[in-house]
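The structure appears below as structure tokens.
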Amino acid sequence: MANFCKSCGSELKGPLEAYEAFEGMHWLCFHYAFEHYSDDPDVPCQSRHCPTWHIEILKEALIARGEDPDKIINDAIELSWSKSLKAKQSNGVSSFLQKGLSKVFK
Ligand SMILES: [Zn+2]
Ligand SMILES: [Zn+2]
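If you use full-length UniProt numbering, the sequence shown corresponds to residues 1 to 106, in order.
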């Protein structure tokens, strides 16, 4: 029988025991439901487990190493789109749609 997150309602993929410590929620959902000390999920809170803070830390570390976090994310998005476009092409998407998509994602 499937189990569902008590916060977001999505299915819990792992064994239920793995979610006991998080009140039957995803780890991310649990943090934003009970631990996040900010009204805004985009604003990091003081918890050392805060995913929003972790993203900020990782971005700052990349910038300190001379990398551009936005470029890394955009490259990953393009790679993901080109993979799904190739999968769609092999599934017979119309050439009209392929031309349109290749203009957007070149
Ligand atoms: Zn959830
Ligand atoms: Zn937080």
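Glycine included, every Cβ here is placed at the ideal spot set by N, Cα and C. Owing to the predicted nature of the structure, the values given are computational and were not obtained by experimental measurement.
Chain-order list of residues whose beta-carbon lies under 7 Å from that of residue i (same chain, five-residue window excluded)
{"i": "residue 51", "result": "28, 31"}
{"i": "residue 33", "result": "7, 25"}
Residues that residue i bridges to, as DSSP identifies them
{"i": "residue 74", "result": "Answer is none; residue 74 lacks a bridge partner."}
{"i": "residue 4", "result": "11"}
Beta-carbon proximity check, residue i vs residue j, cutoff 8 Å
{"i": "residue 20", "j": "residue 6", "result": "no"}
{"i": "residue 69", "j": "residue 62", "result": "yes"}
Cβ neighbours of residue i in the same chain (closer than 8 Å, five flanking residues each side left out)
{"i": "residue 35", "result": "45, 47, 49, 50"}
{"i": "residue 59", "result": "69"}
{"i": "residue 42", "result": "52"}
Close beta carbons around residue i, own chain, < 6 Å, minus the five adjacent residues each side
{"i": "residue 38", "result": "45"}
{"i": "residue 4", "result": "11"}
{"i": "residue 26", "result": "5"}
{"i": "residue 87", "result": "none"}
| message | Strictly closer than 6 Å from CB to any heavy atom of ligand 1: give me those residues in the order they appear in the chain. | response | 5, 7, 8, 10, 25, 26, 29
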